[in-house]
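*Asks:* Quick note on numbering: our numbering labels position 43 of the sequence shown as 34, and the sequence is numbered without any gaps.
Don't be surprised by glycine CBs; every beta carbon is placed ideally from N, CA and C.
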Amino acid sequence: FLDPYYHGHFCYLQYRTWRKIWMVLFKPSSMGVGRLEFRSVSDSEQLKACRQKAQERKVVRLSDCLSVTPAAKESCPARCTAFYLNTTHHTYTFASTESQDWISALCILAFQVPR
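Put into structure tokens, the structure is as follows:
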């Protein structure tokens, strides 16, 4: 199960095609707001290089989340399932080998859903 307080994982984000991303979930704290951060990565990039490219990251504040739902009808990369993250500004379609864990962790932090 994903730790709903901080977790990093390679996932995919759907634009016109699926793009590999590094996605990290942060709980709200005195150091910052609850948020989901993600950035594009290429297959050849190292995690270290991924962390250094802060200017390319996208930040979604958990307070902007409206819903997190499975996206059963989306075609996905191999061994992945998709889910939607609906916010006040955008609907994101993500895919992961751990989609259900991401949905649960996002719901715990964004909507204070008990474990």
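1. Answer with buried or exposed for Tyr3, where buried requires no fewer than 16 other C-beta atoms within 10 angstroms of its C-beta.
2. How would you write the range of the beta strand (DSSP E) that Ala73 sits in, first residue to last?
3. What is the C-beta distance between Val24 and Arg52, in whole angstroms, given that I count them as a contact (C-beta under 8 Å)?
4. Take the Cβ of Ala101 as the centre, count every other Cβ of all protein chains shown within 10 Å, and call the residue buried at 16 or more, exposed below.
5. Mind checking Ser33: buried by the 16 CB within 10 Å criterion, or exposed?
*Replies:* Result, derived from the coordinates:
1. Here residue 3 is taken as the residue at index 12 of the sequence shown, counted from 1. So Tyr3 ends up on the buried side.
2. As a first step, residue 73 must be located in the sequence shown, where it is residue number 82. Residues Thr72 to Thr78.
3. Walking along the sequence shown from the start, residue 24 turns up at place 33. Walking along the sequence shown from the start, residue 52 turns up at place 61. Val24 to Arg52, Cβ: 6 Å. Contact.
4. To locate residue 101, count along the sequence shown from 1; it is residue 110. That one is buried.
5. Looking up residue 33 in the sequence shown gives position 42. Under this definition Ser33 is an exposed residue.
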